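Protein chains in written order, with this note's numbering: chain R, 2 to 208; chain H, 2 to 208. Backbone N, C-alpha and C fix where the C-beta goes; we use that ideal spot for every residue, glycine too. Every value quoted in this text rests on a predicted model; they were computed, and no experiment measured them. Structure first, then comments.
There are 2 protein chains.
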Amino acid sequence: MRLFLVDDHPVVRAGLVALLGGEPDMEIVGEAAGGAEALRGITAREPDVVLMDLQLGDGIDGVEVTRRIRELPSPPQVLVLTTYESDADIMRAIDAGATGYLLKACPPDELFQGIRAAARGETVLSTKVATRMMKRMRDPGTALSAREVEILELLASGEGNREIARRLFITEATVKTHLVHIYSKLGVETRTAAVTAAVERRLIRLP
Amino acid sequence: MRLFLVDDHPVVRAGLVALLGGEPDMEIVGEAAGGAEALRGITAREPDVVLMDLQLGDGIDGVEVTRRIRELPSPPQVLVLTTYESDADIMRAIDAGATGYLLKACPPDELFQGIRAAARGETVLSTKVATRMMKRMRDPGTALSAREVEILELLASGEGNREIARRLFITEATVKTHLVHIYSKLGVETRTAAVTAAVERRLIRLP
DNA sequence: ACGGCGGTCAACCGATCGGTTGATGCGCCG
DNA sequence: CGGCGCATCAACCGATCGGTTGACCGCCGT
Numbered sequence: 002m003r004l005f006l007v008d009d010h011p012v013v014r015a016g017l018v019a020l021l022g023g024e025p026d027m028e029i030v031g032e033a034a035g036g037a038e039a040l041r042g043i044t045a046r047e048p049d050v051v052l053m054d055l056q057l058g059d060g061i062d063g064v065e066v067t068r069r070i071r072e073l074p075s076p077p078q079v080l081v082l083t084t085y086e087s088d089a090d091i092m093r094a095i096d097a098g099a100t101g102y103l104l105k106a107c108p109p110d111e112l113f114q115g116i117r118a119a120a121r122g123e124t125v126l127s128t129k130v131a132t133r134m135m136k137r138m139r140d141p142g143t144a145l146s147a148r149e150v151e152i153l154e155l156l157a158s159g160e161g162n163r164e165i166a167r168r169l170f171i172t173e174a175t176v177k178t179h180l181v182h183i184y185s186k187l188g189v190e191t192r193t194a195a196v197t198a199a200v201e202r203r204l205i206r207l208p
Numbered sequence: 002m003r004l005f006l007v008d009d010h011p012v013v014r015a016g017l018v019a020l021l022g023g024e025p026d027m028e029i030v031g032e033a034a035g036g037a038e039a040l041r042g043i044t045a046r047e048p049d050v051v052l053m054d055l056q057l058g059d060g061i062d063g064v065e066v067t068r069r070i071r072e073l074p075s076p077p078q079v080l081v082l083t084t085y086e087s088d089a090d091i092m093r094a095i096d097a098g099a100t101g102y103l104l105k106a107c108p109p110d111e112l113f114q115g116i117r118a119a120a121r122g123e124t125v126l127s128t129k130v131a132t133r134m135m136k137r138m139r140d141p142g143t144a145l146s147a148r149e150v151e152i153l154e155l156l157a158s159g160e161g162n163r164e165i166a167r168r169l170f171i172t173e174a175t176v177k178t179h180l181v182h183i184y185s186k187l188g189v190e191t192r193t194a195a196v197t198a199a200v201e202r203r204l205i206r207l208p
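Here it is in structure tokens:
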């Protein structure tokens, strides 16, 4: 089984090399610290499974790299292995074509089995991740509308309600209505808390 | 040289074991995933250097663990090895008694040399971290005081002025005074904008 | 066709925030 | 020693925000 590692932390890459080197059925055929390097290496080495971190340091992030990998002819399986477990991260990764989503905090055995499952094309999720997905399914009320995300982005740049209204060509009253909905969906009570909650859930991105 | 690892990611611990195992002068005498486990292990094994992550998953964080380690009789050197590089993280770690601050994204050689330097009691900083500190020194006009950063962190969690005051055992009036200074230093006009500005400048980090 | 949902708007009120002025005490440094 | 920066507190005011209620319209799916 040919593996390719994408992670911007040399320590983590070395760790995976050491861990996976002990498994006789696995062979690491390449590594990359960034997105562009990963795409070059993967087209050249044609691995079976790519272990992908989402935070890559350089501009392009792991989700985008995953999407481009899956657009290659006869693409490898992409197994996300990262620290974070926000709804938005998971959904975006799956949407981009990831075969699975594991956390770095998971026990090594779960990692080994996950890689083998991913190589067979099976979807594999960390138990914590699976739990979160289930909760989300059961409560679809927490999904923000596109308009609400638009409001959140202006909120995050520190604009007042008046300015947000002006930029979106709506009235201040409408902005406040949206805000009430956003607070309710995010489970917060103030605009500032809404911004941090949205950033944590990767609903929006700070520039 | 006796080393002790504290990191909640099994993958990272395995990576460090593999990396450092190749260095003849280094020996890993113990590991821990959480704070309490770390304190027990360190008192038992008496390492020379502790490699400490700041995010430990369980309640107690790496800064607090570092502080308690340094309060032990004849304490080991604590070298922080983490993903983040915010001013607040760095300052709090140093203040807690850390000997140095390295990033997981640093090249392995820098890690090896850093550990040897830490064992000799020398202060060691990643180049990125050192650069940030220098910039901070050169432009003290925009440097926030420790108290102001403290306010910012509560601000970022969405607390109102009253709650911030209560938590810091000061009055609301004082909080507002700090906020005016913070706005001025960050060049913003609202609390929400202050949070995003602080996050962008890595003065604080969202949880 | 009807209901549900998302988006829009209005008017209102209390609570909070932003900003000002002015003041005190503390530690540090030239 | 005399400043200077930092932290602390007070009182005040207008502006803004948070929250409510109620309403209208258009789209979509059963």
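- For H/Glu86, the CB contacts under 7 Å within the same chain, skipping 5 residues up- and downstream, are Leu104, Lys129, Val130, Arg133, Arg203 in chain order.
- Using a Cβ distance threshold of 8 Å, H/Gly16 and R/Val196 do not count as a contacting pair.
- Within 10 angstroms of the beta-carbon of R/Gln114 lie fewer than 16 other beta-carbons, which makes it exposed.
- Residues of chain R with a Cβ closer than 8 Å to the Cβ of H/Thr132 do not exist, since the nearest Cβ in that chain sits about 15 Å away.
- Remark: C-beta atoms of R/Gly35 and R/Asp9 approach each other more closely than 8 Å.
- Of all alpha-carbon atoms in R/Val7, R/Gly58, R/Leu156, the one lying nearest the alpha-carbon of R/Leu80 is that of R/Val7.
- When CB distances to chain H are screened at a threshold of 7 Å, the residues of the stretch 173-192 of chain R falling below it are Val189, Thr191, Arg192, in chain order.
- For a Cβ distance threshold of 7 Å, nothing in chain H lies close to R/Lys129: the least Cβ distance comes to about 11 Å.
- In this chain, R/Ile171 is not harboured by any beta strand (DSSP E), its DSSP state being neither H nor E.
- For R/Glu149, the three-state secondary structure derived from DSSP is helix.
- Within 10 angstroms of the beta-carbon of R/Lys186 lie 16 or more other beta-carbons, which makes it buried.
- Three or more Cβ pairs drawn from the stretch 19-35 of chain R and the stretch 56-66 of chain R lie within less than 8 Å of each other, which places the two stretches in contact.
- The stretch 117-127 of chain H makes no contact with the stretch 161-173 of chain H, as fewer than three CB pairs between them are under 8 Å.
- For H/Phe5, DSSP records a beta bridge to H/Gly31, H/Val51.
- The beta carbon of H/Arg46 lies closer than 8 Å to those of Arg3, Phe5, Val30, Gly31 in the same chain, with the five residues before and after it left out.
- In the structure shown, H/Gln56 adopts coil according to DSSP, grouped into three states.
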